[in-house]
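**Student:**
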Amino acid sequence: MDFTRVLRHLFTGPLAVRKAFPATVLTAIEHAIAQSEFGHRGEIRFAVEAALDMLPLVRATSAHDRAIEVFSQLRVWDTEHNNGVLIYLLLADHNVEIVADRGIDAKVGHEKWETICREMETHFSQGKFESGVISGIQSVGCHLQEHFPLGRESGKNELSNRPVIL
């Protein structure tokens, strides 16, 4: 067990999330998702979690494993074209993970998602949470627009655009 990680998680709480993501930033993120979704048939969700509970920490649950759980809990997989994308931030680890449904993941691939994650983490390391998330949303949106453009039908909003604080 990584005791440094345990301490980070114990001392990162809801206040850290509120500081990094005040209401105005959450609203801006929601608008960025809505704006992005005007250009494609995909669905984007953003979730931030301050820290893991003790049991997942003891089990050495990674941010990626937790992101997969959240992807399922938020039903990001439940879209008509299997093109939902979750951007997940585990604040205590300063780790961003992108989990994409099979319809878009097969077309974009792991390396491109990882590039977006690392770019967002660079913003976050400079304290630029709003610009980091919005940049990530725009990058994900570009991939969705390339592979799932609107076409004739208008995009229906299958999932909420509201950021989720876990």
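For the sequence shown, counting from 1, position 159 maps to 159 in UniProt numbering; every step adds exactly one. Backbone N, C-alpha and C define an ideal beta-carbon position, used for all residues, glycine too. Model, not experiment: these values are computed from the prediction.
1) Using a Cβ-Cβ cut-off of 6 Å (strictly less than) and excluding sequence neighbours within five positions of GLY136, which residues of its own chain qualify?
2) Whose C-beta lies closer than 6 Å to the C-beta of VAL76 among residues of the same chain, with five residues either side of it excluded?
3) Looking at C-alpha atoms only, which residue of GLU37, HIS40, VAL48, GLY42 is the closest neighbour of LYS19?
4) Using a threshold of 8 Å, state whether the C-beta atoms of LEU150 and HIS40 are closer than that.
5) Is it the case that the Cβ atoms of HIS94 and LEU52 are separated by a distance below 8 Å?
6) Going residue by residue through the region 115-155, where are the continuous alpha helix (DSSP H) segments of at least 4 residues, counting only ones entirely within it?
7) Please report how far the alpha carbon of ALA100 lies from the alpha carbon of LEU26, in whole angstroms.
**Tutor:** Once the coordinates are examined:
1) As a first step, residue 136 must be located in the sequence shown, where it is residue number 136. Contacts found: ILE87, ILE116, MET120.
2) For the purposes of this step, residue 76 is identified with residue 76 of the sequence shown, where counting begins at 1. Excluding sequence neighbours, VAL76 sits near ARG45, GLY84, LEU86.
3) Position 19 of the sequence shown, counted from the start, is the residue given in the question as residue 19. Here the closest residue by C-alpha is VAL48.
4) Along the sequence shown, read from residue 1 onward, the residue named residue 150 stands at position 150. Along the sequence shown, read from residue 1 onward, the residue named residue 40 stands at position 40. Cβ atoms of LEU150 and HIS40: closer than 8 Å.
5) Locating residue 94 in the sequence shown gives position 94, counting from the first residue. Locating residue 52 in the sequence shown gives position 52, counting from the first residue. No. Outside cutoff.
6) 129-147
7) The residue labelled residue 100 in the question sits at position 100 within the sequence shown. The residue labelled residue 26 in the question sits at position 26 within the sequence shown. If I take the Cα positions, the gap works out to 22 Å.
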